[in-house]
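Enquirer:
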Amino acid sequence: MGDAASDIQLLNAFIVFMNFVGIPAITYGSQLALGALGLTLVYGILRFSNFAHGDTMAFGTMITILITWGFQSMGLSLGPLPTALLALPFGIAATAIWLLLTDRVVYRFYRRQRAVPVIYLIASAGVMFVTNGVVRFIIGPADQRFTDGERFVVSVREFKAMTGLPEGLAIKTTQALTVVTAVVVVALLFWFLNRTRTGKSMRAFSDNEDLALLSGIDPERVVMVTWLIVAALATIAGTLYGLDKTFKPFVYFQLLLPMFAAAVIGGLGSPLGAIAGGYIIAFAEVIITYAWKKVLTYALPESWEPSGLVQLLSTDYKLAVSFALLVVVLLIKPTGLFKGQSL
Amino acid sequence: MSTRVQSSGAGAVRTLLMFIVVAGLIIGTGFVQSWNTALVILGLGLISSIMALGLNLQWGFAGLFNVGVMGFAALGGLAAVLVAMPPTPGAFAAGGPRVALALLLGAATVGAGLFVWRKLPSGALRALLVFVVVLVGLVLFRRVLDPGVAAIEAVNPASTGYLGGFGLPVLIAWPVGGLLAAGAAWLIGKTALGLRSDYLAIATLGIAEIIIAVLKNEDWLTRGVKNVVGIPRPVPYEIELQRDPAFVERAASYGLDPVMASTLSVKLLYAGLFAVVLLVLLVLSQRALNSPWGRMMRAIRDNETAAAAMGKDVTARHLQVFVLGSAIIGVAGAMLTTLDGQLTPGSYQPLRFTFLIWIMVIVGGSGNNFGSVLGGLLVWWLWVQVEPMGLWLMQVVTSGMADGSALKAHLLASAAYMRLMTMGVMLLIVLRFSPRGLLPER
Numbered sequence: 035m036g037d038a039a040s041d042i043q044l045l046n047a048f049i050v051f052m053n054f055v056g057i058p059a060i061t062y063g064s065q066l067a068l069g070a071l072g073l074t075l076v077y078g079i080l081r082f083s084n085f086a087h088g089d090t091m092a093f094g095t096m097i098t099i100l101i102t103w104g105f106q107s108m109g110l111s112l113g114p115l116p117t118a119l120l121a122l123p124f125g126i127a128a129t130a131i132w133l134l135l136t137d138r139v140v141y142r143f144y145r146r147q148r149a150v151p152v153i154y155l156i157a158s159a160g161v162m163f164v165t166n167g168v169v170r171f172i173i174g175p176a177d178q179r180f181t182d183g184e185r186f187v188v189s190v191r192e193f194k195a196m197t198g199l200p201e202g203l204a205i206k207t208t209q210a211l212t213v214v215t216a217v218v219v220v221a222l223l224f225w226f227l228n229r230t231r232t233g234k235s236m237r238a239f240s241d242n243e244d245l246a247l248l249s250g251i252d253p254e255r256v257v258m259v260t261w262l263i264v265a266a267l268a269t270i271a272g273t274l275y276g277l278d279k280t281f282k283p284f285v286y287f288q289l290l291l292p293m294f295a296a297a298v299i300g301g302l303g304s305p306l307g308a309i310a311g312g313y314i315i316a317f318a319e320v321i322i323t324y325a326w327k328k329v330l331t332y333a334l335p336e337s338w339e340p341s342g343l344v345q346l347l348s349t350d351y352k353l354a355v356s357f358a359l360l361v362v363v364l365l366i367k368p369t370g371l372f373k374g375q376s377l
Numbered sequence: 006m007s008t009r010v011q012s013s014g015a016g017a018v019r020t021l022l023m024f025i026v027v028a029g030l031i032i033g034t035g036f037v038q039s040w041n042t043a044l045v046i047l048g049l050g051l052i053s054s055i056m057a058l059g060l061n062l063q064w065g066f067a068g069l070f071n072v073g074v075m076g077f078a079a080l081g082g083l084a085a086v087l088v089a090m091p092p093t094p095g096a097f098a099a100g101g102p103r104v105a106l107a108l109l110l111g112a113a114t115v116g117a118g119l120f121v122w123r124k125l126p127s128g129a130l131r132a133l134l135v136f137v138v139v140l141v142g143l144v145l146f147r148r149v150l151d152p153g154v155a156a157i158e159a160v161n162p163a164s165t166g167y168l169g170g171f172g173l174p175v176l177i178a179w180p181v182g183g184l185l186a187a188g189a190a191w192l193i194g195k196t197a198l199g200l201r202s203d204y205l206a207i208a209t210l211g212i213a214e215i216i217i218a219v220l221k222n223e224d225w226l227t228r229g230v231k232n233v234v235g236i237p238r239p240v241p242y243e244i245e246l247q248r249d250p251a252f253v254e255r256a257a258s259y260g261l262d263p264v265m266a267s268t269l270s271v272k273l274l275y276a277g278l279f280a281v282v283l284l285v286l287l288v289l290s291q292r293a294l295n296s297p298w299g300r301m302m303r304a305i306r307d308n309e310t311a312a313a314a315m316g317k318d319v320t321a322r323h324l325q326v327f328v329l330g331s332a333i334i335g336v337a338g339a340m341l342t343t344l345d346g347q348l349t350p351g352s353y354q355p356l357r358f359t360f361l362i363w364i365m366v367i368v369g370g371s372g373n374n375f376g377s378v379l380g381g382l383l384v385w386w387l388w389v390q391v392e393p394m395g396l397w398l399m400q401v402v403t404s405g406m407a408d409g410s411a412l413k414a415h416l417l418a419s420a421a422y423m424r425l426m427t428m429g430v431m432l433l434i435v436l437r438f439s440p441r442g443l444l445p446e447r
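Sequences listed follow chains A and B, in order.
Quick note on the numbering used here: the first sequence kicks off at 35 and runs consecutively.
Quick note on the numbering used here: the second sequence kicks off at 6 and runs consecutively.
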């Protein structure tokens, strides 16, 4: 009798946990992983940390939003799914053009000069400024909402009706969509990198540039393909983040830190590492800034019930979590978990 | 030695000419727009020059990429509040000891974690123990801190609700700001220097964001986004000058009305103070650049491997110059908050406080102290002037469009963002076509 009751309590604790920690962290982690993948690819192939990446995401998302609004006014929709999915290919194409343009105008020159990485870094800061200006010029600095379609896959009320439990579990459409899209995109990316000729030449180029050049790989082609992939990853990551939360250009700039942290934790230049890093950062952030009172109230015996909120850090400091993890990794294992390109 | 201060005759002439051009721009602003505007630009331009000087020490001398200028400047701003604001009556008694104890506990937690890490052999046990120590420490820290913070913030929250400062003259805050920034820089440098150059960039980007987050959210320390206003000034208030008969008389003898004369005088006094600090730092930087230490720094920058082979401790020298440069930025940050008379944590934007300073250093000429000062003044002037220019350009572009058209309204409203684009394009152009900047290193 007592056992069954405590089992139910544990189940409730688990549901609250999933609702407020598990599902949001998986969603956010997927978004970070896609963003960090873009960073790590640029690092692996072009060999610099791209400070413009956050703003590239903002650019791609902006184009997607504009096209989405166009479709919405034309009455196009995907039914339960957000219209933004229809607009995504256009956003990716525009971002690809923008990135190839910046490469042609900015980065290619330094590649020919074989400039040191820090010069690229400064150049990417210049690109960041310009992209930032373009985005604010076109869509402004304010919040934009462009989510439509069905809001929930499973809503709290449906879940309660289904299970009869006092605690509910909600899965937003955007959350489900994020995870599904991330899985598909990552699978496609790894298939491309491991199975196709172009992908293999990219990996060869990343491992050893000189050797790759000797074996006849065209560096400009590798760089171009990299930018195309980065455009797709950045636009998808940005759009998913915008659908799930909200689109605000400055927030995308701030995503740079967790994305960098994810890429470094996994090992800069390692795609697998970027994905792992994304989830590590997301879970750490949510776990440390979540108020655990409700979960603990269910999970612990009544006499242990916590009095406070049991929140380790206020959500205002979520950036501090990625930073702390970054510092720990730099101190202990600077090459990252998956042995990125070392020093 | 003195001949080496100015590298060559041609270089000196170029430097002089460039400074005359910038002086002309600022004086021209005085004639065309107003002297008030010109002096506002000059004051902030001088502060920007000092920040650029600090960044140049790191980047120009040593090749270190610091993306955290904003954070170090904000620490300087915090110093202005902590030094100059009067203490809030009753606030320390309400929660001060608790907060102090909590901060000690926090430090002890970090210390204990490090101790366990160092003493135990590596393995799962060590990781687990460190985790437990940090977790317990964090929980204790919050348990002690939170009631103290609540008590402090409850003290007259509408106007204070924070600890206040020491009520000392605000000029003392300038060196204190430097010290705060130096401390933060030491922590970051210890972590990220000696690794790949990108890591310092990423780490400084992070610390800057976190410093701003602390200033925004720790109301007991800075009032957060409620801002601290009315920081005491090092110069007289306009209203005092206007009440002073001697001042009014002197103003009249120049043909100025008292109100105008007092605003101009106050701004001139500020500019004078800033210019003194800038000159002192410029002389020191110049001497450092031409000293054996400066030559060593540049040798390390140009070839780390060779310098290390010659027995130089590259990481230690990098740490030294990184701390020094950040301290200068901290001083400038304190000066900025002094000039504003208020600390507004919400106003710290990375584009304005970090990347704009970078543009100043690169446009002025990396590695050349005079170049940084020039870049600071010139780029700041541009930053201020590009906005009206952008608006004017948009008005010309849209003049053919029908009034009330959505596009016209949008273009006019967005003109402010032209300045970001202009700055980015300027950085890219200088970096590509004139990477040594307006005043090349040598």
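Cβ coordinates follow ideal geometry from the N, Cα and C atoms, glycine included.
Any C-beta of chain B sitting closer than 8 Å to the C-beta of Val298(A)?
Expert: The residue given as residue 298(A) occupies position 264 in the first sequence. Yes, its Cβ sits closer than 8 Å to a Cβ of chain B.
Enquirer: If you reduce the DSSP assignment to three classes, tell me which class Gly369(B) lands in.
Expert: As a position in the second sequence, residue 369(B) is number 364, starting the count at 1. In this structure, Gly369(B) counts as helix in the three-state DSSP scheme.
Enquirer: Use the C-beta contact count for Ser7(B): other C-beta atoms within 10 angstroms, 16 or more gives buried, fewer gives exposed.
Expert: Here the question's residue 7(B) lines up with position 2 in the second sequence. Residue placement at Ser7(B) is flagged as unreliable, the pLDDT there being 40, under the threshold of 50; the coordinate-derived value follows with that caveat. With fewer than 16 other Cβ atoms within 10 Å, it is exposed.
Enquirer: Can you check whether the C-beta of Gly174(A) is within less than 8 Å of a C-beta belonging to chain B?
Expert: Taking the first sequence and counting its residues from 1, the one referred to as residue 174(A) is at position 140. By this cut-off, Gly174(A) is an interface position.
Enquirer: Does DSSP put Phe193(A) in a helix, in a strand, or in coil?
Expert: As a working note, residue 193(A) is residue 159 in the first sequence. Residue state, collapsed to three classes: helix.
Enquirer: Arg9(B): buried (16+ other C-beta within 10 angstroms of its C-beta) or exposed?
Expert: Along the second sequence, one-based indexing puts residue 9(B) at 4. The pLDDT assigned to Arg9(B) is 45, lower than 50, so where the model puts this residue is not dependable; a value taken from the coordinates is nonetheless given after this. That one is exposed.
Enquirer: For a contact meaning CB atoms closer than 7 Å, what does Ser202(B) contact in chain A?
Expert: Taking the first residue of the second sequence as 1, we reach residue 202(B) at position 197. Near Ser202(B) (Cβ distances below 7 Å), the residues of chain A are Pro151, Val152.
Enquirer: Rounded to whole angstroms, what is the Cα-Cα separation between Lys231(B) and Gly351(B)?
Expert: Within the second sequence, numbered from 1, the residue matching residue 231(B) stands at position 226. Within the second sequence, numbered from 1, the residue matching residue 351(B) stands at position 346. Approximately 9 Å between the Cα atoms of the pair.
Enquirer: In angstroms, rounded to a whole number, what distance separates the CA positions of Val430(B) and Ile362(B)?
Expert: On the second sequence, residue 430(B) is found 425 positions in, with the first residue counted as 1. On the second sequence, residue 362(B) is found 357 positions in, with the first residue counted as 1. Cα to Cα, Val430(B) sits roughly 15 Å from Ile362(B).
Enquirer: Where do the N-terminal and C-terminal ends of the beta strand (DSSP E) with Phe186(A) fall, by residue?
Expert: Taking the first residue of the first sequence as position 1, residue 186(A) is located at position 152. Its beta strand (DSSP E) spans residues 186-188.
Enquirer: Can you tell me which of the three DSSP states Gln178(A) falls into?
Expert: Taking the first residue of the first sequence as position 1, residue 178(A) is located at position 144. Note: Gln178(A) maps to strand in three-state DSSP.
Enquirer: Using the Cβ count rule (16 or more neighbours within 10 Å means buried), how would you classify Met56(B)?
Expert: Position 51 of the second sequence, counting from 1, holds the residue named residue 56(B). The residue is buried, with at least 16 neighbouring Cβ atoms inside 10 Å.
Enquirer: Taking the straight line between their C-alpha atoms, what separation do you get for Gly235(B) and Arg255(B)?
Expert: Here residue 235(B) refers to the residue found at position 230 when the second sequence is read from its first residue. Here residue 255(B) refers to the residue found at position 250 when the second sequence is read from its first residue. Distance between the alpha carbons of Gly235(B) and Arg255(B): 28 Å.
Enquirer: How about Pro58(A) and Val320(A): are their beta carbons less than 8 Å apart?
Expert: Along the first sequence, read from residue 1 onward, the residue named residue 58(A) stands at position 24. Along the first sequence, read from residue 1 onward, the residue named residue 320(A) stands at position 286. Yes.
Enquirer: Since Ala197(B) meets chain A, which of its residues come closer than 7 Å, beta carbon to beta carbon?
Expert: Numbered from 1 along the second sequence, position 192 holds the residue referred to as residue 197(B). Taking a Cβ-Cβ cut-off of 7 Å, the neighbours of Ala197(B) in chain A comprise Leu364, given in sequence order.
Enquirer: Helix or strand or just coil, what does DSSP make of Phe281(A)?
Expert: Counting from one through the first sequence, the residue named residue 281(A) turns up at place 247. Reduced to three states, the DSSP call for Phe281(A) is strand.
Enquirer: Would Pro200(A) count as contacting chain B if we go by Cβ distances under 8 Å?
Expert: On the first sequence, position 166 is the one that residue 200(A) refers to. False, the Cβ-Cβ gap to chain B never drops below 8 Å.
Enquirer: With Lys352(A) as the anchor, note down where its alpha helix (DSSP H) starts and where it stops.
Expert: Locating residue 352(A) in the first sequence gives position 318, counting from the first residue. Looking at the DSSP string, the run of the alpha helix (DSSP H) that includes Lys352(A) is 352-366.
Enquirer: So what's Lys373(A) in DSSP terms, helix, strand or just coil?
Expert: Looking up residue 373(A) in the first sequence gives position 339. Reduced to three states, the DSSP call for Lys373(A) is coil.
Enquirer: Helix, strand or coil for Gly169(B), going by three-state DSSP, please let me know.
Expert: Locating residue 169(B) in the second sequence gives position 164, counting from the first residue. In the three-state DSSP reduction, Gly169(B) falls in the strand class (E or B).
Enquirer: Would you give the residue range spanned by the alpha helix (DSSP H) that Phe120(B) belongs to?
Expert: Along the second sequence, one-based indexing puts residue 120(B) at 115. Start and end: 96-124.
Enquirer: Quick one: what does DSSP say Arg9(B) is sitting in, helix, strand or coil?
Expert: By 1-based counting over the second sequence, the position of residue 9(B) is 4. No answer about Arg9(B) holds up, because its pLDDT of 45 lies below 50 and its placement is not dependable.
Enquirer: Taking Asn41(B) as part of the alpha helix (DSSP H), name the residues at either end of that continuous run.
Expert: Here residue 41(B) corresponds to residue number 36 of the second sequence, with the count starting at 1. Per DSSP, Asn41(B) is one residue of the alpha helix (DSSP H) stretching across 40-61.
Enquirer: Any idea what DSSP makes of Ile251(A), helix, strand or coil?
Expert: In the first sequence, the residue the question calls residue 251(A) occupies position 217. Ile251(A): coil per DSSP, three-state reduction.
Enquirer: Fully enclosed by the segment 310-385 of chain B, which alpha helix (DSSP H) runs are 4 residues long or longer?
Expert: Every alpha helix (DSSP H) of 4 residues or more that sits fully in the segment 310-385 of chain B is shown, in chain order, as 319-345, 361-369.
Enquirer: According to DSSP, is Pro292(A) part of a helix, a strand, or is it coil?
Expert: For the purposes of this step, residue 292(A) is identified with residue 258 of the first sequence, where counting begins at 1. Helix.
Enquirer: Please say whether Pro114(A) and Glu184(A) have beta carbons closer to each other than 8 Å?
Expert: Residue mapping note: residue 184(A) aligns to position 150 of the first sequence, counting from 1. Residue mapping note: residue 114(A) aligns to position 80 of the first sequence, counting from 1. It is a contact, given that the beta carbons lie within the stated cut-off.
Enquirer: My output table needs one value for Gly210(B): the three-state DSSP class, helix, strand or coil.
Expert: The residue labelled residue 210(B) in the question sits at position 205 within the second sequence. The question names Gly, but residue 210(B) is Leu in the sequence shown. The answer is helix: DSSP assigns Leu210(B) an H, G or I state.
Enquirer: Could you name the residues of the segment 296-330 of chain B whose beta carbon sits closer than 8 Å to any beta carbon of chain C, in the order they occur along the chain?
Expert: Note that chain C does not occur in the displayed structure, where the protein chains are A and B.
Enquirer: When the distance is taken between beta carbons, is Thr129(A) closer than 8 Å to Ile172(A)?
Expert: What you label residue 172(A) is simply residue 138 of the first sequence in a count that begins at 1. What you label residue 129(A) is simply residue 95 of the first sequence in a count that begins at 1. Cβ distance not < 8 Å, so Ile172(A) and Thr129(A) don't count as in contact.
Enquirer: Starting from the beta carbon of Phe180(A), find every residue of chain B whose beta carbon is closer than 8 Å, and list them in chain order.
Expert: Looking up residue 180(A) in the first sequence gives position 146. Correct list: empty, because the minimum Cβ distance to chain B is about 18 Å.
Enquirer: Let's see if you can read the secondary structure: which residues bound the alpha helix (DSSP H) around Val341(A)?
Expert: By one-based count along the first sequence, residue 341(A) stands at place 307. The sequence given here has Ser at residue 341(A), not Val. Element bounds for Ser341(A): n/a, residue is neither H nor E.
Enquirer: Using a Cβ cut-off of 9 Å, which residues of the segment 414-433 of chain B contact any Cβ in chain A, in chain order?
Expert: His415, Leu416, Ala418, Ser419, Ala420, Ala421, Tyr422, Met423, Arg424, Leu425, Met426, Thr427, Met428, Gly429, Val430, Met431, Leu432, Leu433
Enquirer: For the segment 181-193 of chain B, enumerate the residues whose C-beta is nearer than 7 Å to any C-beta of chain A, in chain order.
Expert: none
Enquirer: Is it buried or exposed, Thr232(A), if we count other Cβ atoms within 10 angstroms and call 16 or more buried?
Expert: Taking the first sequence and counting its residues from 1, the one referred to as residue 232(A) is at position 198. Here Thr232(A) is exposed. Its C-beta has fewer than 16 other C-beta atoms within 10 Å.
Enquirer: Going by DSSP, what residue range makes up the alpha helix (DSSP H) through Ala70(A)?
Expert: Sequence index remark: in the first sequence, residue 70(A) carries index 36 (1-based). That run of the alpha helix (DSSP H) goes 57-80.
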